[in-house]
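Colleague:
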Amino acid sequence: LVATTESFGKSGATPTHPELLDWLAVELVESGWSLKAIHRLILTSSAWRQSSRVTPELERQDPDNKLLSRMQLRRLDAEEIHDALVFVAGELDGTMLGPAAPVSQRPDGLVVPARGPRGFRRSIYVRQERKRPLTILEDFDLPAMNPNCVERKSSTVATQALHLLNNAWVGDLARKLAERVEREAGVDFEKQVEAASRIALGRPPSREAKILALEALSRASESWTARDALVSWCQVLLNSAAFIYVD
69 LVATTESFGK SGATPTHPEL LDWLAVELVE SGWSLKAIHR LILTSSAWRQ SSRVTPELER
129 QDPDNKLLSR MQLRRLDAEE IHDALVFVAG ELDGTMLGPA APVSQRPDGL VVPARGPRGF
189 RRSIYVRQER KRPLTILEDF DLPAMNPNCV ERKSSTVATQ ALHLLNNAWV GDLARKLAER
249 VEREAGVDFE KQVEAASRIA LGRPPSREAK ILALEALSRA SESWTARDAL VSWCQVLLNS
309 AAFIYVD
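Residue numbers for the sequence shown follow this note's numbering, so the first one is 69 and each next one is one higher.
1. Rounded to whole angstroms, what's the CA-CA distance from R186 to L233? Just pull it up for me.
2. Work out the CA separation of I106 and L205 for me, nearest whole Å.
3. Relative to the C-alpha of S120, which candidate in E127, S137 and F311 has its C-alpha closest?
4. Is it buried or exposed, I192, if we count other Cβ atoms within 10 angstroms and call 16 or more buried?
5. Look up Q140 in the DSSP assignment and say whether it is helix, strand or coil.
6. Just the Cα atoms here: how many angstroms apart are A81 and N216?
7. Thinking A157 and R248 are a contact (beta carbons under 8 Å), I'd like their distance in whole angstroms, please.
8. Of the residues A182, P175 and A310, which one's Cα is nearest the Cα of A168?
9. Could you check where the alpha helix (DSSP H) with V171 kicks off and where it finishes?
10. Using the Cα positions of T73 and W101, report the straight-line distance between them to the nearest angstrom.
11. Which term fits H85, buried or exposed, when burial requires 16 or more other beta carbons within 10 angstroms of its beta carbon?
12. My assumption, with CB atoms under 8 Å, is that Q18 sits in contact with G239. Please give the rounded CB distance.
13. Give the single residue among N235, G166, S308 and E147 whose Cα lies nearest to the Cα of D176.
14. Just tell me which of M164, A229, E219 and L89 has its CA closest to the CA of Y313.
15. For the alpha helix (DSSP H) containing P86, list its first residue and its last residue.
16. CA-CA distance, E87 and N133?
17. Keeping to the same chain, check which residues put their C-beta closer than 7 Å to that of L153; ignore five residues upstream and five downstream.
18. Give the range of the beta strand (DSSP E) segment to which P181 is assigned.
19. Reducing DSSP to helix, strand and coil, say where D161 ends up.
20. Is DSSP giving V122 helix, strand or coil here?
21. Could you check which residue in V261, E125, V299 and R108 has the C-alpha nearest to that of R117?
22. Between A288 and A281, is the Cβ-Cβ spacing less than 7 Å?
23. Under 7 Å Cβ to Cβ from P83, same chain only, skipping five residues before and after it: list those, please.
24. Classify V314 as helix, strand or coil using the three-state DSSP reduction.
25. At the level of alpha carbons, what is the spacing between S265 and E127?
26. In angstroms with no decimal places, state the Cα-to-Cα distance between R190 and H150.
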């Protein structure tokens with residue numbers, strides 16, 4: 069609606085759709101200033117629910133996407149990545165409200181969430197310590213609230229991939245995901261690949277991805293146990309663009 073989120077005054081940019089902005093403002097007031105009502109209105113609108121497809125014609129007519137001709141490729145926010153990891157691993161504690169979940173610092177310096185009796189809580193319920201932010205949130209651009217943050221920044225740096233590949237906490241979640249896959253698909257590699265993709269990515273694997281996965285599992289199982297080979301593949305999925313990005 070407006071490019072300068074930190075300035076809505078005369079020094080800021082002009083809104084791209086002022087009539088829509090005015091209409092939403094009236095809806096907010098008439099809904100009793102309920103942000104949930106506005107979120108529901110936007111997410112159930114026909115405009116929001118349209119599919120998005122990049123075509124050469126649209127790229128030629130609207131290269132900067134100023135006309136909103138397509139959905140921009142978006143990386144998940146830090147909190148979304150944390151929650152997605154624990155969810156697909158079957159380790160998400162969906163308890164609402166209550167006290168904040170504590171964090172702990174490992175000997176290697178990484179700050180990780182503490183697991184409760186029912187799993188890991190959503191990141192919104194994890195205690196935020198100024199001097200000890202969760203390492204995974206910090207690596208994936210958790211906004212610094214000093215004093216506030218008007219716009220999130222999204223970077224792509226090597227430490228993010230290294231975190232998902234080498235962090236023992238992520239490795240534990242990959243093992244939990246592998247156990248979940250085994251419970252659903254048994255020990256057949258082909259069924260495991262299909263189940264892992266369905267759980268982690270929300271869709272069946274493409275033909276090419278399936279062939280690559282079966283080859284990787286076959287090679288890995290020559291040196292490791294079948295379980296460890298599956299854990300390795302699950303960690304590959306958790307570090308894939310299909311898991312980290314929304315397209």
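Idealized CB from N, CA, C, for every residue including glycine.
Modeller: Let me lay it out:
1. So the alpha carbons of these two residues sit roughly 25 Å apart.
2. The alpha-carbon atoms of L205 and I106 are separated by roughly 27 Å.
3. Closest by C-alpha distance to S120, out of E127, S137 and F311, is S137.
4. I192 comes out exposed.
5. Coil at Q140, not helix or strand.
6. C-alpha separation (whole angstroms): 20 Å.
7. Between R248 and A157 the Cβ distance is about 7 Å, and since that is below 8 Å, they are a contact.
8. Comparing alpha carbon positions, the residue from A182, P175 and A310 closest to A168 is A182.
9. Segment V171 to Q173 is the beta strand (DSSP E) holding V171; no alpha helix (DSSP H) there.
10. Approximately 20 Å, taken between the alpha carbons.
11. H85 is exposed by the Cβ-count criterion.
12. Coverage of the chain is limited to positions 69 through 315, which leaves residue 18 absent and any answer about it impossible.
13. Nearest C-alpha to D176: N235.
14. Ranking the options by Cα distance to Y313, first place goes to A229.
15. P86 to E98 is the extent of the alpha helix (DSSP H) around P86.
16. So the two alpha carbons sit approximately 20 Å from each other.
17. Excluding its 5 nearest sequence neighbours in each direction, L153 has C-beta neighbours in its own chain below 7 Å: V238, L241 and L306, listed in chain order.
18. Note, P181: beta strand (DSSP E), V179 to P181.
19. In the displayed model, D161 falls within a strand according to three-state DSSP.
20. It is coil, neither helix nor strand.
21. Nearest to R117 by C-alpha distance, out of V261, E125, V299 and R108, is R108.
22. A281 sits away from A288, with the two beta carbons spaced by 7 Å or more.
23. Closer than 7 Å at the Cβ level, and outside the excluded window around P83, lie L69, V70 and L89.
24. When DSSP states are grouped into helix, strand and coil, V314 belongs to the strand group.
25. Computed Cα separation, rounded: 30 Å.
26. In a straight line, the C-alpha of R190 is about 8 Å away from that of H150.
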